[in-house]
Structure formats: C-alpha cells, structure tokens
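Student: One line per chain: the protein sequences are A and B, in this order. Using the numbering used here, the first residue of the first sequence is number 53, and each one after it goes up by one. Using the numbering used here, the first residue of the second sequence is number 2, and each one after it goes up by one.
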Amino acid sequence: MAAQRKTLEASAWEILEQIPDPEIPVLSIVDLGIVRSVEVDGAKVTVGVAPTYSGCPATEVIEDSVVKSLQSGGIDRVSVRRVLSPPWTSDWISDRGREKLREYGIAPPEKGAARGKMLGDTIIAERIVACPRCGTENTRKVSEFGSTACKASYKCNECLEPFEYFKCI
Amino acid sequence: MTKEQALITYATRMGDNAIVMAQRLSEWVGHGPELEEEMAMANFALDYVGQARMFFSYAGELDGKGQSEDDICFLRDGWDYGNVLLLEQPNGDFGEAIARLVLFETFYSLQLEGLVSSPARKLAEIAACAIKESTYHIRHAGHWLIRLGDGTDESHRRVQHAIDRLWTYTGELFEADQVDQIMQAKWEGPDLTVLREQWHRQIDALLSKATLQKPADGWMDSGGKQGHHSEHLGYILAEMQSLQRTYPGANW
Chain A
53 MAAQRKTLEA SAWEILEQIP DPEIPVLSIV DLGIVRSVEV DGAKVTVGVA
103 PTYSGCPATE VIEDSVVKSL QSGGIDRVSV RRVLSPPWTS DWISDRGREK
153 LREYGIAPPE KGAARGKMLG DTIIAERIVA CPRCGTENTR KVSEFGSTAC
203 KASYKCNECL EPFEYFKCI
Chain B
2 MTKEQALITY ATRMGDNAIV MAQRLSEWVG HGPELEEEMA MANFALDYVG
52 QARMFFSYAG ELDGKGQSED DICFLRDGWD YGNVLLLEQP NGDFGEAIAR
102 LVLFETFYSL QLEGLVSSPA RKLAEIAACA IKESTYHIRH AGHWLIRLGD
152 GTDESHRRVQ HAIDRLWTYT GELFEADQVD QIMQAKWEGP DLTVLREQWH
202 RQIDALLSKA TLQKPADGWM DSGGKQGHHS EHLGYILAEM QSLQRTYPGA
252 NW
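This is the structure:
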C-alpha cells in the first residue's frame with residue numbers, strides 16, 4: 053500500500069513537471085516553484101499550488117491544466133488546493149528553471165534579493181541585470197513593466213538586443 | 002460587535018479599498034502619458050483586483066452565508082462599501098495618480114505588515130502576498146514623485162497641487178473606529194496611532210527628496226469606512242456593476 057501511494061505521488065510529480073507555465077512555456081510549473089505539495093489519499097490526489105502575483109490571470113489556467121493533465125495521465129480523482137503560505141517569490145524558481153529562462157532569452161531574477169525592502173533612502177536603488185545573450189552587465193531598463201506582470205523590459209547596451217527580465221519580487 | 006463580525010467587516014473594507022483603487026488605475030489604460038506608464042497602471046490594477054478577490058473570498062468564507070467574491074463585489078451598493086475616500090476621488094492628471102499611489106501605498110504596506118502575524122491566519126497570508134506587490138508599487142510611484150517634484154516648474158507645481166488636494170483625505174486612513182479597535186485588540190491588527198507616525202516619517206522623507214512641501218494637517222474629510230461616500234463612488238460602482246445589474250447572475 054505504501055509503495056503504491058509512493059508510485060502515485062511520483063507519477064503525479066512526473067506529469068506536473070511536464071506542464072508548461074502558460075505565459076512562459078519554457079518553464080514548467082514545477083520549475084517556477086508554484087507546485088507546493090502532492091498529497092495522496094487512497095486514489096485521490098490533491099495538488100497544492102501557490103499563486104505568483106495576486107492578479108496573475110494564469111492562475112486559473114494553471115489550476116485547470118493541473119487537473120486535466122493528471123486526469124489524462126490516468127489519475128482520475130484530482131483536486132487543487134490554493135496555498136498562500138509561504139508566499140511565492142522569485143526565489144522559488146529552481147536553478148534549472150533559471151537556466152531555461154536564460155537560454156530562452158529572458159534574464160532570470162537574482163536569488164535572495166526578493167527580500168530586500170526598498171523604502172525611504174533605498175528607493176533609488178536599481179538592480180544590475182545581465183544580458184541573457186551576451187552576458188554583459190552593461191544594460192538599461194526600458195520599462196519596469198512588460199508583456200506580463202512578472203517581466204520587465206530591458207535593452208543591452210553592447211549587443212543592442214532588447215530583452216525581458218523576470219522581475220525579482 | 003463580535004470579534005468575528007469585526008474581522009468580516011475589516012476584510013471586506015480591505016477588499017473595497019483594493020477594488021476601488023483597481024478601478025481608478027484601470028481608467029488610465031488608453032490615457033497614460035506614455036505606453037510604459039499605462040502598462041504600469043494596468044499592472045498595478047491587476048494586482049489590486051487579485052488582492053480584492055482574496056479579501057472578498059475570505060470575507061465570504063467567514064460570513065458563511067455562501068456569498069462569493071463576485072456577490073460581495075457586484076451586489077452591494079455604495080453605503081455597503083467601506084473604502085477610504087482617498088481612493089474614490091477622480092483621477093485628475095498623472096501627478097495626482099502618482100500622489101495618490103504614494104499616499105495610499107505607504108499606508109497600505111504598513112497596514113499589511115501589521116497584519117502578517119495576526120491570528121486570523123488567512124488574512125495574515127493574504128497580507129504577506131500583497132506586501133510584495135505593494136513594495137514595488139511604492140518604489141515605482143516614489144520614483145515618479147521625485148522625478149515630477151524635482152523636475153520642471155510645471156511638473157513641480159502640478160504634483161504639489163495634487164499632494165495639497167489629496168491631503169485632506171489622508172486623515173481617514175488613521176481614524177480608528179470600532180472595527181479597527183477590535184482588530185487591534187482581538188486580532189493583533191495594526192495600531193493606527195503608531196502606523197500614523199511611521200507613515201509621516203516615510204512621507205516626510207519622500208516629499209523632501211521630491212522637493213515638495215508637506216501640507217499642514219487641517220480639516221480632514223472622512224466617513225468612507227462607514228459607507229458615507231462622495232458622489233464619485235456611485236459612478237465607479239455603476240460602471241463596474243452594470244453587467245450584473247442588467248443581467249443578474251450572468252456568467253461566462
């Protein structure tokens with residue numbers, strides 16, 4: 053029985069690792085760090101999913117694709133639980149996920165910087181973002197807001213390519 | 002008022018603040034001074050809509066009468082809305098939008114911080130999520146306040162006017178009524194007196210960096226939390242709720 057439960061859990065994770073994030077399909081939802089738990093109770097599987105941004109329009113799409121993917125993988129009884137705590141930050145993105153982002157042309161967020169508060173005197177602080185193509189740190193921010201809530205627009209001053217930066221929050 | 006009732010009202014008010022702010026910010030789409038700022042305003046609006054949904058869902062769960070987030074948002078009238086007056090004021094120019102963001106977000110992030118250790122666990126969890134967003138809203142709006150205040154004569158004059166005009170609505174943020182008092186006493190909510198001091202310190206620092214004058218504290222308008230609104234809220238709700246009023250129960 054224990055072995056069977058383990059198998060069901062492992063196969064659920066395998067399927068979850070294949071589900072792309074709808075806004076950044078190069079990342080799986082596991083790479084993104086939003087799958088928090090897989091709980092198995094008999095034949096029933098409950099997946100804990102953390103939202104990224106409060107208003108992220110992809111949240112419901114993701115929850116839907118979790119249910120559909122697991123069902124088409126042969127796990128019939130699936131439910132999704134929304135997990136708010138601990139809150140998702142960009143630090144939850146896996147190292148593999150960061151590498152995939154860079155290869156895709158999106159500068160990954162730096163690790164550990166999400167905690168920093170930016171009030172009062174530090175309000176002027178700007179992050180150094182390396183170009184995902186040529187690697188130089190000689191880049192400039194075009195806009196803190198980009199094609200999706202989680203990305204900012206940058207331009208490389210050396211290879212002159214525009215690129216997106218996955219914001220650090 | 003029981004402590005459970007106070008918590009429901011408090012969560013609903015937080016949702017009301019978030020949804021009214023979202024409406025005002027989304028009005029900037031198509032009217033921003035540049036494309037990037039429209040995206041910023043739309044992004045902020047989206048964050049607020051998400052936060053409002055969490056607060057309303059939570060209030061509905063606590064209330065236990067089967068009210069969904071949509072019921073709470075679309076089926077209440079102005080006198081049931083407990084948002085602060087600052088947020089329902091018309092947008093004005095871009096400087097005014099930035100001034101409002103700075104004044105409110107500085108308060109809001111302190112309020113959220115004051116809630117993260119509340120024994121009302123779900124409220125604490127929502128607050129912890131919302132803080133991340135509030136932090137970059139303040140950063141962005143703060144940059145603009147400095148740029149406008151320390152910019153040209155015209156930008157300085159206009160953003161100073163915006164701060165002066167909106168100042169009269171900032172007193173309400175720190176006015177503790179019974180709901181706030183119960184939240185503080187029974188749910189480890191923020192102490193609005195302490196919060197007011199922190200807010201003044203942060204606003205002082207930012208205004209001086211932006212070379213702006215802090216208005217003197219004079220007569221302060223209030224009543225929004227208790228449902229006594231200016232005429233402006235009615236127009237916001239009329240637009241936001243028109244679909245549910247025209248086709249009750251519509252769904253797609």
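A virtual CB, placed ideally from N, CA and C, is assigned to each residue, including glycine. Computed from a predicted model, the values in this text were never measured in an experiment.
1. Can you give me the C-alpha to C-alpha distance between Gly172/A and Gly31/B, rounded to a whole angstrom?
2. Taking only three categories from DSSP, how would you classify Ser146/A?
3. Where does Arg122/B land, buried or exposed, given buried means 16+ other C-beta within 10 angstroms?
4. Could you check the C-alpha separation between Thr200/A and Val103/B for me, to the nearest Å?
5. Mind checking the region 48 to 61 of chain B against chain E and listing, in chain order, the residues whose C-beta falls within less than 8 Å of any C-beta there?
6. Tell me whether Arg140/B sits in a helix, a strand or coil according to DSSP, three-state version.
7. Given that Pro139/A touches chain B, what residues does it touch there, using C-beta distances under 7 Å?
8. So that I know if they touch, is there some Cβ in chain B lying closer than 8 Å to that of Cys108/A?
9. How would you list, in chain order, the residues of chain A whose beta-carbon sits under 7 Å from the beta-carbon of Asn44/B?
10. Any idea what DSSP makes of Asp83/A, helix, strand or coil?
11. Please state whether DSSP places Arg134/A in a helix, a strand or coil.
12. Check the C-beta distance from Val160/B over to Ile99/B and give it rounded, since I have them as a contact under 8 Å.
13. Quick one: which chain B residues come within Cβ less than 8 Å of Tyr217/A?
14. Determine whether the beta carbon atoms of Asn84/B and Gly225/B lie at a separation below 8 Å.
15. State buried or exposed for Lys169/A, treating a residue as buried only when at least 16 other CB atoms are found within 10 Å of its CB.
16. Taking C-beta pairs closer than 7 Å, name the residues in chain B that Ile221/A reaches, listed in chain order.
17. Spatial neighbours of Leu26/B within its chain, please: C-beta separation below 6 Å, excluding the five flanking residues on both sides.
18. Just to confirm before moving on: does the CB-CB distance between Cys74/B and Ala53/B stay below 8 Å?
19. Name, please, each residue of chain A whose Cβ falls closer than 7 Å to the Cβ of Ala41/B.
20. For Thr136/B and Val195/B, what's the separation of their Cα atoms in angstroms?
21. Looking at the C-beta of Glu198/B, does it have a partner C-beta in chain A at a distance below 8 Å?
22. Please state whether DSSP places Lys169/A in a helix, a strand or coil.
23. Kindly indicate the opening and closing residues of the alpha helix (DSSP H) around Phe105/B.
24. Evaluate Ile180/A with the Cβ neighbour count: other Cβ atoms within 10 Å of its Cβ, from every protein chain shown; 16 or more gives buried, anything less gives exposed.
25. Buried or exposed for Glu70/B, going by 16 or more other Cβ atoms inside 10 Å?
26. Pair every Cβ in the region 185 to 197 of chain A with every Cβ in the region 10 to 24 of chain B, then say whether three or more of these pairs are closer than 8 Å.
27. Per DSSP, which residues does Ile158/A bridge with? Please list them.
28. Between the Cα of Thr169/B and those of Pro216/B, Gln6/B, Ala7/B, spot the shortest distance and give me the residue it belongs to.
29. What's the gap between the Cα of Asp93/A and the Cα of Gly157/A?
30. In three-state terms, what does DSSP make of Ala251/B?
31. With 8 Å set as the bound, which would you pick, yes or no: does the beta-carbon of Tyr156/A sit closer than that to a beta-carbon of chain B?
32. By the DSSP assignment, the alpha helix (DSSP H) with Cys202/A in it spans what residues?
33. Determine the chain B residues that contact Tyr105/A at a beta-carbon separation under 7 Å, and present them in chain order.
34. Which chain A residues are close to Glu37/B, counting only those with a beta carbon under 7 Å from its beta carbon?
35. Between His32/B and chain A, is the shortest Cβ-Cβ distance under 8 Å, so that the two count as touching?
36. Classify Thr15/B as buried or exposed, calling it buried when 16 or more other Cβ atoms lie within 10 Å of its own Cβ.
Tutor: Taking the structure as given:
1. Taking the first sequence and counting its residues from 1, the one referred to as residue 172/A is at position 120. Taking the second sequence and counting its residues from 1, the one referred to as residue 31/B is at position 30. The predicted model places Gly172/A with a pLDDT of 39, which falls under 50 and marks its position as unreliable; any figure quoted below should be read in that light. Roughly 31 Å separates the two Cα atoms.
2. For the purposes of this step, residue 146/A is taken as the residue at position 94 of the first sequence. If DSSP states are grouped into helix, strand and coil, Ser146/A belongs with coil.
3. On the second sequence, residue 122/B is found 121 positions in, with the first residue counted as 1. Exposed: under 16 other Cβ atoms inside 10 Å.
4. Position 148 of the first sequence, counted from the first residue, corresponds to residue 200/A. Position 102 of the second sequence, counted from the first residue, corresponds to residue 103/B. Whole-angstrom Cα-Cα distance: 23 Å.
5. Any reference to chain E falls outside this structure, whose protein chains are A and B.
6. Here residue 140/B is taken as the residue at index 139 of the second sequence, counted from 1. Arg140/B: helix per DSSP, three-state reduction.
7. Residue numbering aside, residue 139/A sits at position 87 when the first sequence is read from its first letter. By Cβ distance, chain B contributes Ala129, Cys130, Lys133.
8. Within the first sequence, the letter at position 56 stands for residue 108/A. Closer than 8 Å to some Cβ of chain B, the Cβ of Cys108/A qualifies, so yes.
9. Along the second sequence, one-based indexing puts residue 44/B at 43. Ordered by position in chain A, the residues that pass the 7 Å Cβ test against Asn44/B are Phe197, Ala201.
10. What you label residue 83/A is simply residue 31 of the first sequence in a count that begins at 1. DSSP places Asp83/A in coil when its eight states are reduced to three.
11. Numbered from 1 along the first sequence, position 82 holds the residue referred to as residue 134/A. Strand at Arg134/A.
12. In the second sequence, residue 160/B corresponds to position 159, counting from 1. In the second sequence, residue 99/B corresponds to position 98, counting from 1. That belief holds up - the Cβ atoms of Val160/B and Ile99/B are roughly 7 Å apart, short of 8 Å.
13. Within the first sequence, the letter at position 165 stands for residue 217/A. Residues of chain B passing the Cβ test: none, with the nearest at roughly 13 Å.
14. Residue 84/B sits at position 83 when you count from the first residue of the second sequence. Residue 225/B sits at position 224 when you count from the first residue of the second sequence. Yes, the Cβ-Cβ distance between Asn84/B and Gly225/B is below 8 Å.
15. The count along the first sequence starts at 1 and reaches residue 169/A at position 117. Note that Lys169/A has pLDDT 46, beneath the 50 cutoff, so the model's placement of it is unreliable and no number is given.
16. Within the first sequence, numbered from 1, the residue matching residue 221/A stands at position 169. Here the neighbours are Lys133, Tyr137.
17. Position 25 of the second sequence, counted from the first residue, corresponds to residue 26/B. Correct list, in chain order: Met42, Phe45, Ala46.
18. Position 73 of the second sequence, counted from the start, is the residue given in the question as residue 74/B. Position 52 of the second sequence, counted from the start, is the residue given in the question as residue 53/B. For Cys74/B and Ala53/B, yes; Cβs fall inside 8 Å.
19. Against the second sequence, residue 41/B aligns to sequence position 40. The contacting residues are Glu196, Phe197.
20. Taking the first residue of the second sequence as 1, we reach residue 136/B at position 135. Taking the first residue of the second sequence as 1, we reach residue 195/B at position 194. Their backbone Cα atoms lie some 20 Å apart in a straight line.
21. Taking the second sequence and counting its residues from 1, one reaches residue 198/B at position 197. Closer than 8 Å: no.
22. For the purposes of this step, residue 169/A is identified with residue 117 of the first sequence, where counting begins at 1. Residue confidence for Lys169/A is low, a pLDDT of 46 falling below 50, so the modelled location carries little weight; the figure read from the coordinates is stated next. Correct three-state label for Lys169/A: coil.
23. Within the second sequence, the letter at position 104 stands for residue 105/B. Unbroken alpha helix (DSSP H) run through Phe105/B: 95 to 114.
24. Here residue 180/A corresponds to residue number 128 of the first sequence, with the count starting at 1. That one is exposed.
25. Counted from its first residue, the second sequence places residue 70/B at position 69. With 16 or more other Cβ atoms within 10 Å, it is buried.
26. no
27. One-based indexing of the first sequence puts residue 158/A at position 106. Answer by DSSP bridge pairing, in chain order: Glu216/A.
28. Here the question's residue 169/B lines up with position 168 in the second sequence. The shortest Cα separation from Thr169/B among Pro216/B, Gln6/B, Ala7/B belongs to Pro216/B.
29. In the first sequence, residue 93/A corresponds to position 41, counting from 1. In the first sequence, residue 157/A corresponds to position 105, counting from 1. Cα to Cα, Asp93/A sits roughly 41 Å from Gly157/A.
30. Against the second sequence, residue 251/B aligns to sequence position 250. Ala251/B: coil per DSSP, three-state reduction.
31. Taking the first residue of the first sequence as 1, we reach residue 156/A at position 104. Not an interface residue.
32. What you label residue 202/A is simply residue 150 of the first sequence in a count that begins at 1. Unbroken run through Cys202/A: none, as it is neither H nor E.
33. Numbered from 1 along the first sequence, position 53 holds the residue referred to as residue 105/A. Those are Asp48, Gly51, Glu134, listed as they occur along chain B.
34. Translated into positions along the second sequence, residue 37/B becomes position 36. The contacting residues are Ser195, Phe197.
35. Counting from 1 along the second sequence, the entry for residue 32/B is found at position 31. By this cut-off, His32/B is not an interface position.
36. As a working note, residue 15/B is residue 14 in the second sequence. The question names Thr, yet the displayed sequence has Met at residue 15/B. With 16 or more other Cβ atoms within 10 Å, it is buried.
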